[in-house]
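Q: I'd like to ask some things about the structure below.
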Amino acid sequence: MEQTDADLVRQTLSGNTSAYNGLVQRYQRQVYNLAYRMLGNAEDAGDLVQDTFLRAYGALSSFRQDASFLTWLYKIASNLCIDQLRSRKAKSTLSLDVELEEGREPAADIRSSGPEEAAVRSSVQDVVQRAVLNLPDKYRAVVVMRHLQDMSVDEIARILDLPTGTVKTHLFRARDMLRGRLRPVLEMETDGK
Amino acid sequence: MENRFENTQPEEQQGWGKYATPPPISAQKHASNEPTKRPVLPQDRTMCERVRESLPFLLENADGEMSQDTARALLGHLSICTECSQEFDEQQRVAAYLSAVPAVELPMDFTGIIQRKIQVQSVTAIGGSEAVVTSSATGRPFVIPIALEQNSVVRNANSTATPTTLQAAVRPTTSTLASTLKKSNITSSRNILKIEGSALQRLTSGSITAAIMAFFVSSAWGHEMLGENIVAVRSWLEQISTAIGRVPLLGRLMLVVFAALGQMGDLLGETYRNVGEVAVRGLAMDIGVCIAAYYFLVTRKQRGMYGARRV
Numbered sequence: 000m001e002q003t004d005a006d007l008v009r010q011t012l013s014g015n016t017s018a019y020n021g022l023v024q025r026y027q028r029q030v031y032n033l034a035y036r037m038l039g040n041a042e043d044a045g046d047l048v049q050d051t052f053l054r055a056y057g058a059l060s061s062f063r064q065d066a067s068f069l070t071w072l073y074k075i076a077s078n079l080c081i082d083q084l085r086s087r088k089a090k091s092t093l094s095l096d097v098e099l100e101e102g103r104e105p106a107a108d109i110r111s112s113g114p115e116e117a118a119v120r121s122s123v124q125d126v127v128q129r130a131v132l133n134l135p136d137k138y139r140a141v142v143v144m145r146h147l148q149d150m151s152v153d154e155i156a157r158i159l160d161l162p163t164g165t166v167k168t169h170l171f172r173a174r175d176m177l178r179g180r181l182r183p184v185l186e187m188e189t190d191g192k
Numbered sequence: 000m001e002n003r004f005e006n007t008q009p010e011e012q013q014g015w016g017k018y019a020t021p022p023p024i025s026a027q028k029h030a031s032n033e034p035t036k037r038p039v040l041p042q043d044r045t046m047c048e049r050v051r052e053s054l055p056f057l058l059e060n061a062d063g064e065m066s067q068d069t070a071r072a073l074l075g076h077l078s079i080c081t082e083c084s085q086e087f088d089e090q091q092r093v094a095a096y097l098s099a100v101p102a103v104e105l106p107m108d109f110t111g112i113i114q115r116k117i118q119v120q121s122v123t124a125i126g127g128s129e130a131v132v133t134s135s136a137t138g139r140p141f142v143i144p145i146a147l148e149q150n151s152v153v154r155n156a157n158s159t160a161t162p163t164t165l166q167a168a169v170r171p172t173t174s175t176l177a178s179t180l181k182k183s184n185i186t187s188s189r190n191i192l193k194i195e196g197s198a199l200q201r202l203t204s205g206s207i208t209a210a211i212m213a214f215f216v217s218s219a220w221g222h223e224m225l226g227e228n229i230v231a232v233r234s235w236l237e238q239i240s241t242a243i244g245r246v247p248l249l250g251r252l253m254l255v256v257f258a259a260l261g262q263m264g265d266l267l268g269e270t271y272r273n274v275g276e277v278a279v280r281g282l283a284m285d286i287g288v289c290i291a292a293y294y295f296l297v298t299r300k301q302r303g304m305y306g307a308r309r310v
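Sequence order for the protein chains is A and B.
All residue numbers for the first sequence refer to numbering that gives the first Met the number 0, where the first residue is 0 and numbers rise by one.
All residue numbers for the second sequence refer to numbering that gives the first Met the number 0, where the first residue is 0 and numbers rise by one.
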C-alpha cells in the first residue's frame with residue numbers, strides 16, 4: 000500500500016530521512032514543470048527543484064497537515080521562482096518584460112515567421128510557449144498553474160495568497176495578452192475553418 | 000450580481016467596446032451627459048463593458064460559484080453580441096492552446112542530489128567531528144569539514160592572548176588544514192568559498208580568512224615573516240626583470256612594471272621598519288575589513304548570478 004504524504008512527512012520528521020526521498024520522487028516532476036515554465040530553461044529549473052525541496056525539508060516542521068503537501072511545495076517553488084525572476088530583472092535592464100512595458104512587441108517575430116502556414120502550424124506550440132514566457136511574472140504564474148499544470152483556481156489562490164477573484168481576473172488578463180500575441184495563430188485557424 | 004443582464008437589448012456597438020482599451024472614465028461620464036448625441040440609454044451602452052467585467056468569472060465558473068441566473072444572462076448577451084462572444088471564444092481557444100502544451104520531462108532524477116544536500120546540511124548543523132565521519136561514510140570529499148577546521152583555527156587565535164602563543168597555536172592547525180586540503184583534493188583556497196549552503200556560512204568563511212590574514216599582519220611573527228617575504232620578493236623581481244629585459248619591447252614594458260613593483264615592495268618594507276607596530280595593527284585591521292567586504296560582495300554576486308549553487 001502506498002504511503003500518504005502525511006505519513007512520509009511524519010516519518011521524515013521523526014528522523015527517517017529516506018522517507019523524504021519518497022516525497023521528492025512523487026513531486027519533483029510537477030515542481031520541475033512549474034519552474035521550467037516560469038524560468039524558461041532547464042538549468043535554472045533544475046536548480047530551483049533542488050532549492051525547493053531543500054527549503055521544504057528545512058521548514059518541514061512548520062508544514063501544517065491541513066494543507067496538501069503539493070500546495071505547500073508549490074508555494075515555496077513559486078516564491079523562489081518569483082524571487083529569481085526579480086533578481087534577473089534587476090540584473091538585465093533589457094528583459095522582455097521591460098520591452099513590453101516600453102510598448103515594444105517581443106513576440107513580433109511570430110508575425111514575421113513567413114507565410115508558410117504549415118511551418119507556422121507545426122511551431123504553434125513553440126509560439127505558445129514563448130508567449131507564456133513573455134508574460135509579466137504574476138500573470139505567467141497563474142497561467143502556468145491553471146492551464147499547464149491543471150490546478151484549480153482555489154488551489155492557485157491558496158498558493159499565491161490571493162483572493163480567488165483576483166486569480167480569475169489575472170487569468171483573464173493573461174489570456175487577453177496571449178490572445179494578442181497569438182493573434183496570427185488564432186486567425187489562421189479561423190481562416191482554415 | 001442579480002438579473003440585470005436578463006433584459007438584454009441589442010447594444011450600440013462602440014469602437015471602445017474592446018475590453019483591452021476602455022476609454023478614460025471621465026470621457027465616458029462626459030459622453031453620457033450628452034443625451035442629444037446618445038439616444039440609447041446609458042445602462043445599455045455599458046452593457047458590453049459590464050459583461051466583460053464578468054467574463055473572467057464566467058470563464059472560470061467550473062465550480063458553479065456564479066449564480067445560475069447571472070451565468071444565463073451573460074450567455075444570453077454573448078449569443079447576441081458578436082464582439083463579446085468573439086472575446087469569450089478567443090479566451091477559450093487560448094486556454095485550449097495552453098492546455099495542449101505538453102509537460103516537460105525531468106532531465107534527471109533529483110532524489111539523489113537532494114538527499115546528499117540534505118545530509119550535508121544536517122552535518123553542518125551537528126558539528127565538526129561528525130562531519131568528517133559522515134563525509135567519509137558517504138565516500139564524498141566534502142569541503143565543509145575544512146571550513147570547520149578553519150573555524151577551530153580562529154577559535155584558537157581568538158582565545159590566545161600573546162602573539163608568541165598565538166604563533167604556537169596556529170602552526171599545528173594550519174598544517175592540519177593543509178593536510179586536509181590535500182586529502183580532499185582541494186587545490187585552491189577559493190574552493191573553500193564554494194561551500195554549499197547559506198550565505199551565513201560563506202560570510203563566516205570569509206571573515207575567518209580575513210581574521211587569519213589580520214593575524215599574520217599584526218602578530219610579531221607574521222610581521223617578521225612578511226618583512227622577510229618583501230625582501231625575498233624584491234630580489235626575485237630584480238632577477239626576473241634582468242632576465243626578461245633582454246626581450247625587445249615586451250621586455251622593456253615588463254621591466255618598467257617590475258621596477259614599479261620592486262619600488263612598492265621597498266616602500267612597504269620601509270613602512271614596516273619605520274612606522275612601527277601600532278600603525279601596522281591599524282593597517283592589518285583595514286586589510287581584514289577589506290577582505291571580509293570583498294568576500295561578502297563576491298558571494299552575493301555569485302548567488303545573484305547563478306542562483307543556487309549546483310553540486
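Each residue gets a CB set at the ideal place from its N, CA and C atoms; glycine is no exception.
May I ask which residues mark the beginning and end of the alpha helix (DSSP H) holding Q67(B)?
A: Indexing the second sequence from 1 puts residue 67(B) at position 68. Segment Q67 to I79, the alpha helix (DSSP H) holding Q67(B).
Q: With a threshold of 8 Å on Cβ separation, who are the neighbours of Q90(B) within its own chain once the five nearest residues in sequence on each side are excluded?
A: Taking the second sequence and counting its residues from 1, one reaches residue 90(B) at position 91. Only L54 and L58 meet the Cβ criterion.
Q: Rounded to whole angstroms, what's the CA-CA distance from I79(B) to V142(A)? Just pull it up for me.
A: Position 80 of the second sequence holds residue 79(B). Position 143 of the first sequence holds residue 142(A). Taking the straight line joining both Cα atoms gives about 29 Å.
Q: In whole angstroms, what separates the C-alpha of A258(B) from that of E237(B)?
A: Taking the first residue of the second sequence as 1, we reach residue 258(B) at position 259. Taking the first residue of the second sequence as 1, we reach residue 237(B) at position 238. Put simply, the backbone Cα of A258(B) is about 8 Å away from that of E237(B).
Q: Give me the Cα-Cα distance between F214(B) and Q114(B), rounded to the nearest whole angstrom.
A: Sequence index remark: in the second sequence, residue 214(B) carries index 215 (1-based). Sequence index remark: in the second sequence, residue 114(B) carries index 115 (1-based). Taking the straight line joining both Cα atoms gives about 39 Å.
Q: Do you know offhand how far F87(B)'s Cα is from Q27(A)'s?
A: Position 88 of the second sequence, counted from the first residue, corresponds to residue 87(B). Position 28 of the first sequence, counted from the first residue, corresponds to residue 27(A). In this model, F87(B) and Q27(A) are separated by some 35 Å (Cα to Cα).
Q: Quick check on the burial criterion: 16 or more other C-beta atoms within 10 angstroms. Buried or exposed for S13(A)?
A: As a first step, residue 13(A) is located in the first sequence; it is residue number 14 there, counting from the start. With a 10 Å radius around the Cβ and a threshold of 16 neighbouring Cβ atoms, S13(A) comes out exposed.
Q: Shortest alpha-carbon distance to T110(B) belongs to which of Q49(A), L84(A), Q128(A) and P183(A)?
A: Translated into the one-based positions of the second sequence, residue 110(B) becomes position 111. Cα-wise, what sits closest to T110(B) is Q49(A).
Q: List the residues of chain B whose Cβ lies closer than 8 Å to the Cβ of N32(A), in chain order.
A: As a first step, residue 32(A) is located in the first sequence; it is residue number 33 there, counting from the start. Here the neighbours are A102 and V103.
Q: Apply the 10 Å Cβ neighbour rule to A76(A) and answer buried if 16 or more other Cβ atoms are within range, or exposed otherwise.
A: Working through the first sequence from its first residue, we reach residue 76(A) at position 77. Flag for A76(A) reads buried.
Q: How about the segment 179-187 of chain A and the segment 124-134 of chain A: do they share at least three Cβ pairs that are nearer than 8 Å?
A: yes
Q: Span of the alpha helix (DSSP H) holding L54(B)?
A: On the second sequence, residue 54(B) is found 55 positions in, with the first residue counted as 1. First-last of the alpha helix (DSSP H) with L54(B): M46 to L58.
Q: Does the Cβ of Y293(B) have 16 or more other Cβ atoms within 10 Å, making it buried, or fewer, making it exposed?
A: Taking the second sequence and counting its residues from 1, the one referred to as residue 293(B) is at position 294. It counts as exposed.
Q: Assuming F171(A) is part of the alpha helix (DSSP H), what are its boundary residues?
A: Sequence index remark: in the first sequence, residue 171(A) carries index 172 (1-based). F171(A): member of the alpha helix (DSSP H) spanning T163 to R180, first to last residue.
Q: Along chain A, in chain order, which residues have C-beta atoms closer than 7 Å to that of L58(B)?
A: For the purposes of this step, residue 58(B) is taken as residue 59 along the second sequence, with counting starting at 1. In chain order: F171.
Q: Could you compute how far the alpha carbon of A99(B) sits from the alpha carbon of W71(A)?
A: As a first step, residue 99(B) is located in the second sequence; it is residue number 100 there, counting from the start. As a first step, residue 71(A) is located in the first sequence; it is residue number 72 there, counting from the start. C-alpha separation (whole angstroms): 26 Å.
Q: With a threshold of 8 Å between beta carbons, is A70(B) in contact with chain A?
A: Taking the second sequence and counting its residues from 1, one reaches residue 70(B) at position 71. Chain A, which has no Cβ nearer than 8 Å to the Cβ of A70(B), makes this no.
Q: So L243(B) and G250(B) are in contact, right, with Cβ under 8 Å, and what is the actual spacing, rounded?
A: Taking the second sequence and counting its residues from 1, one reaches residue 243(B) at position 244. Taking the second sequence and counting its residues from 1, one reaches residue 250(B) at position 251. Note that residue 243(B) corresponds to Ile in the displayed sequence, not to Leu. Indeed, because the Cβ distance is near 5 Å, the residues count as touching under 8 Å.
Q: Would you mind telling me which residues of chain A sit closer than 8 Å to F109(B), beta carbon to beta carbon, in chain order?
A: Working through the second sequence from its first residue, we reach residue 109(B) at position 110. Scanning chain A for C-beta atoms nearer than 8 Å to the C-beta of F109(B) yields V23, Q27, Y31, G45, V48, Q49 and F52, reported in chain order.
Q: S98(B) versus chain A: which residues are under 8 Å apart at the beta carbon?
A: Counted from its first residue, the second sequence places residue 98(B) at position 99. Near S98(B) (Cβ distances below 8 Å), the residues of chain A are H146, L147 and D149.
Q: Pop quiz: R233(B) and G264(B) are said to be a contact at Cβ under 8 Å. What is the actual Cβ separation, rounded to whole angstroms?
A: Within the second sequence, residue 233(B) is the residue found at index 234, counting from 1. Within the second sequence, residue 264(B) is the residue found at index 265, counting from 1. Rounded, the Cβ-Cβ distance is 5 Å, consistent with contact.
Q: At 4 residues or longer, what runs of the alpha helix (DSSP H) sit wholly inside the segment 25-65 of chain A?
A: Listed in chain order, they are 41-57.
Q: Which residue comes first and which comes last in the alpha helix (DSSP H) that contains L7(A)?
A: As a position in the first sequence, residue 7(A) is number 8, starting the count at 1. L7(A) -> alpha helix (DSSP H) spans D4 to L12.
Q: Could you work out which residue in I81(A), N78(A) and L170(A) is closest to N60(B) when comparing CA atoms only?
A: As a working note, residue 60(B) is residue 61 in the second sequence. Checking every option, the nearest Cα to that of N60(B) belongs to L170(A).
Q: Helix, strand or coil: which one does DSSP assign to R157(A)?
A: Walking along the first sequence from the start, residue 157(A) turns up at place 158. R157(A) falls in the helix class under three-state DSSP.
Q: V318(B) touches chain A at which residues, Cβ-Cβ below 8 Å?
A: As shown, chain B starts at 0 and ends at 310. That puts residue 318(B) outside it, with no answer to give.
Q: For E64(B), which of helix, strand or coil comes out of DSSP?
A: Stepping through the second sequence from its first residue, residue 64(B) is reached at position 65. Note: E64(B) maps to coil in three-state DSSP.
Q: Give the residues of chain A in contact with L54(B), contact being defined as C-beta atoms less than 9 Å apart.
A: Working through the second sequence from its first residue, we reach residue 54(B) at position 55. Result: F171.
Q: From what residue to what residue does the alpha helix (DSSP H) around V142(A) run?
A: Taking the first residue of the first sequence as position 1, residue 142(A) is located at position 143. Run containing V142(A): D136 to V142, per the alpha helix (DSSP H) assignment.
Q: With respect to the alpha helix (DSSP H) encompassing S67(A), which residues constitute its N-terminal and C-terminal limits?
A: Indexing the first sequence from 1 puts residue 67(A) at position 68. Per DSSP, S67(A) belongs to no alpha helix (DSSP H) and is neither H nor E.
Q: State yes or no: is the C-beta of L53(A) within less than 8 Å of the C-beta of I117(B)?
A: Here residue 53(A) corresponds to residue number 54 of the first sequence, with the count starting at 1. Here residue 117(B) corresponds to residue number 118 of the second sequence, with the count starting at 1. The answer is yes: Cβ separation under 8 Å.
Q: Going by CA-CA distance only, name the one from L105(B), T241(B) and S206(B) that's closest to V40(A).
A: The residue given as residue 40(A) occupies position 41 in the first sequence. Looking at the sequence provided, one finds Asn at residue 40(A) rather than Val. The alpha carbon of N40(A) has as its nearest neighbour, out of L105(B), T241(B) and S206(B), the alpha carbon of L105(B).
Q: Would you call L252(B) buried or exposed, if buried means 16 or more other Cβ atoms sit within 10 Å of its Cβ?
A: The residue given as residue 252(B) occupies position 253 in the second sequence. Exposed, by the Cβ-count rule.
Q: Which value, in whole angstroms, describes the spacing of the CA atoms of Y35(A) and Q120(B)?
A: Your numbering for residue 35(A) matches position 36 in the first sequence. Your numbering for residue 120(B) matches position 121 in the second sequence. Between Y35(A) and Q120(B), the C-alpha separation is close to 26 Å.
Q: Smallest Cα separation from T3(A): which of R25(A), V131(A), A89(A) and I155(A)?
A: In the first sequence, counting from the first residue as 1, residue 3(A) sits at position 4. The residue with the shortest Cα to Cα distance from T3(A) is R25(A).
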